[in-house]
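Asker: Count along the sequence shown starting at 1, add 1301, and that's the number in the numbering used here.
The structure follows.
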Amino acid sequence: MTKLKFNYDEMSDTLYVSFEPATKATGIELNEHILLRINKDKRRVIDLIFFEYSLLTKKTDVGPRNFPLTGYRNGGMNE
């Protein structure tokens, strides 16, 4: 099993969570802030990318923010 890797790019405010070493992958835009990359042939998750990460983790007056996975529901696949 490959070790899970986290990498935060402060300049772009992007968090990368890698499950597999870098490889060709298909991107599924789960919403405007979250991209899931998969290897369709092996049916495995390669990584998750969180854009505007500080916004995603910022609490509101009523609790944690909610980000529906609208892209997944719509098929959201792009290579």
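The C-beta atom is built at its ideal place from N, Cα and C for all residues, glycine as well.
So residue 1358 is in the alpha helix (DSSP H); what residue range does that whole segment cover?
Answerer: The residue labelled residue 1358 in the question sits at position 57 within the sequence shown. According to the DSSP assignment, residue 1358 belongs to the alpha helix (DSSP H) that extends over 1354 to 1358.
Asker: Would you tell me roughly how many angstroms separate the C-alpha atoms of residue 1345 and residue 1362, rounded to the nearest one?
Answerer: As a first step, residue 1345 must be located in the sequence shown, where it is residue number 44. As a first step, residue 1362 must be located in the sequence shown, where it is residue number 61. Approximately 37 Å, taken between the alpha carbons.
Asker: Who are residue 1397's beta bridge partners in DSSP?
Answerer: The chain is shown only over 1302 to 1380; residue 1397 falls outside these bounds and no answer can be derived.
Asker: Find the nearest neighbour of residue 1336 within the set 1324, 1317, 1342, judged by alpha-carbon distance.
Answerer: As a working note, residue 1336 is residue 35 in the sequence shown. The shortest Cα separation from residue 1336 among 1324, 1317, 1342 belongs to 1317.
Asker: For residue 1350, list the residues DSSP reports as bridge partners.
Answerer: Locating residue 1350 in the sequence shown gives position 49, where the first residue counts as 1. Bridge partners of residue 1350: 1317, 1336.
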